[in-house]
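Down below is the structure, laid out as structure tokens.
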Amino acid sequence: MFQVKVMSAKDYGFAVDLTNTMNWNMTVADFRFNQFLEPNGCLTLFSNSVPVGVATCISFGKVGWFGNLIIEQKYQRHGAGRLLLEHAISYLQSKGVETIGIYAYPYLKEFYGKSGFKTDIDLTVMRNDQVHTNIWSSIELETQPDFSVLTSFDNQFFGADRSRLLKSIMQEKNSICYASMVSKKEVNGYILSKTSENIAEVGPLVCRPDKLDVALELLKAMLLRLENRRVLLYLPQNQRGLEEFLLRAGFRKDFSLSRMFLGMPKIQNSIHLAESLERG
Numbered sequence: 258m259f260q261v262k263v264m265s266a267k268d269y270g271f272a273v274d275l276t277n278t279m280n281w282n283m284t285v286a287d288f289r290f291n292q293f294l295e296p297n298g299c300l301t302l303f304s305n306s307v308p309v310g311v312a313t314c315i316s317f318g319k320v321g322w323f324g325n326l327i328i329e330q331k332y333q334r335h336g337a338g339r340l341l342l343e344h345a346i347s348y349l350q351s352k353g354v355e356t357i358g359i360y361a362y363p364y365l366k367e368f369y370g371k372s373g374f375k376t377d378i379d380l381t382v383m384r385n386d387q388v389h390t391n392i393w394s395s396i397e398l399e400t401q402p403d404f405s406v407l408t409s410f411d412n413q414f415f416g417a418d419r420s421r422l423l424k425s426i427m428q429e430k431n432s433i434c435y436a437s438m439v440s441k442k443e444v445n446g447y448i449l450s451k452t453s454e455n456i457a458e459v460g461p462l463v464c465r466p467d468k469l470d471v472a473l474e475l476l477k478a479m480l481l482r483l484e485n486r487r488v489l490l491y492l493p494q495n496q497r498g499l500e501e502f503l504l505r506a507g508f509r510k511d512f513s514l515s516r517m518f519l520g521m522p523k524i525q526n527s528i529h530l531a532e533s534l535e536r537g
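Mapping of the sequence shown onto our numbering: residues 258 to 537, in sequence order.
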């Protein structure tokens, strides 16, 4: 008999081992961070008191995100994944969420579609195991922008308030932030990166739709700071200019996912890089 419970600290090791059977590079710190942001949003699935699956979800006001769904192979196709998904949907809706996003593998689109999720756009996970670049950014960038101005700008394009997430990322010792400012109170675009062990994840990258050149300069500046590091980023497939630059800079396409939504999408195409696969 399956039972869903809020993940406890003693489940972290199981969650890491299970998710990394898919090479997701998850760590205990990742689950601890997700649970800090959404205390009841990390879920463990049990079969007769034995952990057999995990998933995470997070709410940003009227927008929520679901991710990290994985079930041990011998328990798949027995309703386990559906139970976790339905539990997360109910939880997020109880928090006032109206739109839930996910990044789905192609083979899981039908699974999510049966719960009402509809495909929005596709996204490519891109990787460079050792970044080298001699292309310098040509615009002046701010490394400590006014936080309230930055989060208001992000809200405009993400469609929900991610201030707690963004603040937590920016407070991390190894995080990097660059912003292109029109003035102290007006933003053209910004980019963040966070580092876990030897891996840097770049994102989000958010930029005004008429400032695609700024998005590229922000990305150049970030990659210069991440020289010799292993870098992952999550690129919507409509960002052709950034894709061409990344391929020239030595990135390779790892795998593709589809962004799907239950409810009306609120995200605009000014999101040039996703923050993460589990939080949008």
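Where a beta carbon is used, it is the ideal one built from N, C-alpha and C, also for glycine.
Residues sharing a beta bridge with residue i, DSSP
{"i": "residue 609", "result": "Here the chain has residues from 258 to 537 only, and residue 609 is not among them."}
{"i": "residue 437", "result": "446"}
{"i": "residue 462", "result": "448 and 530"}
{"i": "residue 312", "result": "300"}
{"i": "residue 419", "result": "BP columns for residue 419 are empty, so no partner."}
{"i": "residue 322", "result": "315 and 358"}
{"i": "residue 375", "result": "518"}
{"i": "residue 263", "result": "300"}
{"i": "residue 453", "result": "456"}
{"i": "residue 327", "result": "311"}
{"i": "residue 399", "result": "436"}
Residue i to residue j span [Cα, whole Å]
{"i": "residue 501", "j": "residue 329", "result": "37 Å"}
{"i": "residue 355", "j": "residue 420", "result": "18 Å"}
{"i": "residue 284", "j": "residue 393", "result": "33 Å"}
{"i": "residue 523", "j": "residue 317", "result": "12 Å"}
{"i": "residue 399", "j": "residue 262", "result": "43 Å"}
{"i": "residue 304", "j": "residue 348", "result": "21 Å"}
{"i": "residue 333", "j": "residue 302", "result": "12 Å"}
{"i": "residue 309", "j": "residue 272", "result": "9 Å"}
{"i": "residue 386", "j": "residue 447", "result": "24 Å"}
{"i": "residue 491", "j": "residue 267", "result": "30 Å"}
{"i": "residue 370", "j": "residue 417", "result": "23 Å"}
{"i": "residue 322", "j": "residue 468", "result": "27 Å"}
{"i": "residue 344", "j": "residue 415", "result": "24 Å"}
{"i": "residue 320", "j": "residue 298", "result": "14 Å"}
{"i": "residue 496", "j": "residue 350", "result": "31 Å"}
{"i": "residue 306", "j": "residue 279", "result": "24 Å"}
{"i": "residue 526", "j": "residue 258", "result": "43 Å"}
{"i": "residue 443", "j": "residue 466", "result": "15 Å"}
{"i": "residue 380", "j": "residue 513", "result": "6 Å"}
For residue j and residue i, believed in contact at Cβ under 8 Å, the rounded distance
{"i": "residue 499", "j": "residue 476", "result": "6 Å"}
{"i": "residue 456", "j": "residue 489", "result": "6 Å"}
{"i": "residue 529", "j": "residue 472", "result": "5 Å"}
{"i": "residue 378", "j": "residue 494", "result": "7 Å"}
{"i": "residue 275", "j": "residue 327", "result": "6 Å"}
Exposed unless 16 or more other CB atoms sit within 10 angstroms - verdict on residue i
{"i": "residue 383", "result": "buried"}
{"i": "residue 360", "result": "buried"}
{"i": "residue 402", "result": "buried"}
{"i": "residue 424", "result": "exposed"}
{"i": "residue 454", "result": "exposed"}
{"i": "residue 335", "result": "exposed"}
{"i": "residue 439", "result": "exposed"}
{"i": "residue 292", "result": "buried"}
{"i": "residue 277", "result": "exposed"}
{"i": "residue 435", "result": "buried"}
{"i": "residue 264", "result": "buried"}
{"i": "residue 286", "result": "exposed"}
{"i": "residue 376", "result": "exposed"}
{"i": "residue 411", "result": "buried"}
{"i": "residue 586", "result": "Residue 586 falls outside the range modelled here, since the chain spans only 258 to 537, and no answer is possible."}
{"i": "residue 461", "result": "buried"}
{"i": "residue 324", "result": "buried"}
{"i": "residue 535", "result": "buried"}
Residue i: CB within 7 Å of a non-hydrogen atom of the ligand MN
{"i": "residue 487", "result": "As for the ligand MN, it is missing from this structure, which has no ligand bound."}
Min CB distance residue i to chain D below 8 Å
{"i": "residue 269", "result": "Absent from the structure: chain D. Only one protein chain is present."}
- Query: Any contact of the region 470-487 with the region 335-345, i.e. 3+ C-beta pairs under 8 Å?
  - Reply: no
- Message: For the pair the region 510-517 and the region 357-376, tell me if three or more CB-CB distances fall below 8 Å.
- Response: yes
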